[in-house]
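Beneath this line is the structure, given in structure tokens, with notes to follow.
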Amino acid sequence: MTHQEVNGIVDRSALEPRHLIRAIGRWGLAALVINSVIGSGIFGLPAIVAADLGRESPFAYLVAAAGIGIIMACFAEVASQFRQAGGPYLYTRVAFGRLLSLEVAWLHWLSRLTGGAAAINLFATYLGYFWAPAQQPLERALLAAAILLVLTGVNLLGVKIGAHLSSAFTIAKIAPLLIFAAAGLLYGLAHPAVSLVNQHVATAADWFDASLVLIFAYGGFEGALVPMSEARDPHRDVPFAMAVSFLSVTLIYILVQIVVVRVLPDPGQTDRPLAVAAQAFLGPAGAAFIAVSALLALFGYLSAQLVHVPRMTFALAEQGDLPPVFAAVHNRFRTPHVSILVFATLLWVIATMGNFRWNVVLSSASRLITYGLVCGALLVLRRKGPGVASYRLPLGPIFAVIGIALMIMLFARTTLEELAWILATAAIAFLNWLATRRRVVGGATT
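For the sequence shown, this note's numbering begins at 7 and goes up steadily by one.
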């Protein structure tokens with residue numbers, strides 16, 4: 007593969023992979039983004055946010071949406087310049103060079119592993135509504151193995167099958183969520199809101215903590231941008247997918263949170279807030295329906311992870327940052343089978359190590375750096391290649407600076423334990439860079 011450089015930027019077209027099939031259309035990409043965002047957050051975090059903010063918690067989603075909207079807008083411009091696999095890793099590599107791109111790649115992996123592990127943990131929690139042993143350590147580990155075996159097999163067969171599965175689960179989970187919101191709001195019109203047990207006035211610290219947690223609820227969209235080498239027309243489809251997913255997710259989150267705080271007197275005391283809330287206005291059958299919907303949603307979220315996260319290691323290997331085996335493409339199915347198998351294995355390990363909240367917080371904290379660097383990449387790429395972006399964000403530099411400032415403010419809320427994990431991951435990325443910094447890829451020194 008030949009890499010050409012123009013004004014210090016690797017030519018995007020020269021990076022075009024020749025072995026993967028372009029099978030993901032604009033609606034498939036939008037479904038992939040929605041599926042990557044709506045996962046464990048919508049079914050687990052309403053209780054955590056309500057415990058911090060009480061009746062004001064729906065407004066937290068608006069605050070978080072404003073911040074994430076800025077980040078997504080910056081991503082839309084930057085992503086529109088690329089057609090190949092890699093996502094944030096690729097953007098920062100072109101903008102800042104190999105070292106920072108490797109830091110982003112490893113932190114992205116940490117956020118996706120912990121995010122996927124959180125989804126597996128919550129899957130066990132909602133399955134516990136029907137089968138209590140599912141929440142026990144051994145049964146949870148076996149359950150995680152079974153889920154990952156199925157999804158790994160599906161995604162090994164081809165990206166088109168994996169993308170169709172992702173789209174199917176997007177429809178299957180959004181419809182029940184809208185039913186939950188509509189039924190809950192109608193119930194609220196006929197019945198007064200319950201009195202909350204926790205009536206404390208939220209402090210600024212509570213709002214910052216809730217915003218950090220909601221980074222997880224809105225996060226994940228960046229991972230769906232990784233398999234660009236398998237999208238039909240990423241230059242046009244990425245802004246469309248980002249806009250559709252952002253508006254859809256924000257509306258659903260706010261409606262669900264309103265229902266939870268109107269129906270449950272103490273949402274923070276349950277691990278299954280939507281199922282418990284549905285019991286109040288839909289009865290046991292409604293609670294079971296929502297629990298099944300949660301299981302489908304979480305399964306769909308995990309299916310999206312198995313589509314796009316392995317393409318990160320594929321891109322790393324293509325660029326010479328990982329051994330070539332990670333860029334191996336299956337002779338028959340044309341999928342990066344080694345990267346898929348490695349990710350599924352590590353995801354199972356992380357899922358058995360921590361609980362839902364631990365994985366959520368670490369996932370949120372680790373992606374703040376990635377978001378800030380991609381905002382910075384917008385500034386750099388505009389200077390290096392002013393005519394490259396097919397989508398140009400109005401007032402882009404201002405949005406980028408605001409995005410960087412927001413990420414710094416939220417990162418200041420991380421704990422020492424979270425910081426230790428992030429620093430350890432950054433250290434591994436630095437060692438990775440030391441081992442590969444002199445490697446020449448495709449005729450271009452990186």
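Just so it is clear, CB atoms sit at the ideal spot from N, CA and C, and this is done for glycine as well.
N- and C-terminal bounds of the alpha helix (DSSP H) containing M415:
Here residue 415 corresponds to residue number 409 of the sequence shown, with the count starting at 1. From DSSP, the alpha helix (DSSP H) with M415 extends over 402-417.
Supposed contact pair Y132 and A321 - C-beta distance, whole angstroms, cut 8 Å:
Position 315 of the sequence shown, counting from 1, holds the residue named residue 321. Position 126 of the sequence shown, counting from 1, holds the residue named residue 132. 33 Å between Cβ atoms; not a contact.
So the alpha helix (DSSP H) L163 belongs to, where does it begin and stop?
For this step, residue 163 is matched to residue 157 along the sequence shown. Here L163 belongs to no alpha helix (DSSP H), and DSSP marks it neither H nor E.
Excluding sequence positions up to five away, which residues of its chain have a Cβ less than 6 Å from the Cβ of R24?
Along the sequence shown, read from residue 1 onward, the residue named residue 24 stands at position 18. Reliability of the predicted coordinates at R24 is poor, the pLDDT of 47 falling under 50, and the value obtained from them is presented with this limitation in mind. Excluding positions up to five away in sequence, the list is empty.
Taking one C-beta from the region 422-431 and one from the region 113-124 each time, how about it: are there three or more such pairs within less than 8 Å?
yes
Go to L119, then tell me how far its alpha helix (DSSP H) extends in each direction, as first and last residue.
Indexing the sequence shown from 1 puts residue 119 at position 113. L119 -> alpha helix (DSSP H) spans 104-133.
Around the C-beta of F186, are 16 or more other C-beta atoms found within 10 angstroms, so that it is buried, or is it exposed?
The count along the sequence shown starts at 1 and reaches residue 186 at position 180. Buried, because 16 or more other Cβ atoms sit within 10 Å of the Cβ of F186.
Note down, in chain order, each residue of its chain lying with its Cβ closer than 6 Å to the Cβ of V200, except the 5 sequence neighbours on either side.
Residue numbering aside, residue 200 sits at position 194 when the sequence shown is read from its first letter. Once the five neighbours on either side are set aside, the close Cβ partners of V200 are P271.
Member of L108, I126, A208 whose CA lies at the smallest distance from the CA of E62:
To locate residue 62, count along the sequence shown from 1; it is residue 56. If we check each option's Cα against that of E62, A208 comes out closest.
Which of the three DSSP states is assigned to W364 in this structure?
Reading the sequence shown from its first residue, position 358 is the one you call residue 364. Correct three-state label for W364: helix.
Are the Cβ atoms of A283 and V266 separated by less than 8 Å?
Residue numbering aside, residue 283 sits at position 277 when the sequence shown is read from its first letter. Residue numbering aside, residue 266 sits at position 260 when the sequence shown is read from its first letter. Against a cut-off of 8 Å, the Cβ pair of V266 and A283 comes out as a contact.
Does DSSP put H9 in a helix, in a strand, or in coil?
Along the sequence shown, one-based indexing puts residue 9 at 3. Confidence is the limiting factor: at H9 the pLDDT is only 43, short of 50, which leaves the residue's position unreliable, though a coordinate-based value still follows. It is coil, neither helix nor strand.
State the CB to CB distance for the pair A310 and L38, rounded to an integer number of angstroms; the pair is presumed to be in contact (CB under 8 Å).
Position 304 of the sequence shown, counted from the start, is the residue given in the question as residue 310. Position 32 of the sequence shown, counted from the start, is the residue given in the question as residue 38. Correct: roughly 6 Å between the Cβ atoms.
Are there 16 or more other CB atoms within 10 angstroms of the CB of W354, so buried, or fewer, so exposed?
For the purposes of this step, residue 354 is identified with residue 348 of the sequence shown, where counting begins at 1. W354 is buried by the Cβ-count criterion.
Inspect the beta-carbon positions of L219 and V55 and report whether they are closer than 8 Å.
By 1-based counting over the sequence shown, the position of residue 219 is 213. By 1-based counting over the sequence shown, the position of residue 55 is 49. Note on identity: in this sequence residue 219 is Val, with Leu being the wrong assignment. Taking 8 Å as the Cβ cut-off, V219 and V55 qualify as a contacting pair.
Would you decide whether H206 is buried or exposed? Buried here means 16 or more other CB atoms lie within 10 Å of its CB.
As a first step, residue 206 is located in the sequence shown; it is residue number 200 there, counting from the start. Exposed is the call here.
Can you tell which of M248, L144, V84, G391 has its C-alpha closest to the C-alpha of M359?
For this step, residue 359 is matched to residue 353 along the sequence shown. Of the candidates M248, L144, V84, G391, the one whose C-alpha sits nearest the C-alpha of M359 is L144.
May I ask which residues mark the beginning and end of the alpha helix (DSSP H) holding R317?
Taking the sequence shown and counting its residues from 1, one reaches residue 317 at position 311. 316-324 is the span of the alpha helix (DSSP H), which, as asked, contains R317.
Classify E423: buried if its beta carbon has 16 or more other beta carbons within 10 angstroms, exposed otherwise.
To locate residue 423, count along the sequence shown from 1; it is residue 417. Counting Cβ neighbours within 10 Å, E423 comes out exposed, since fewer than 16 surround it.
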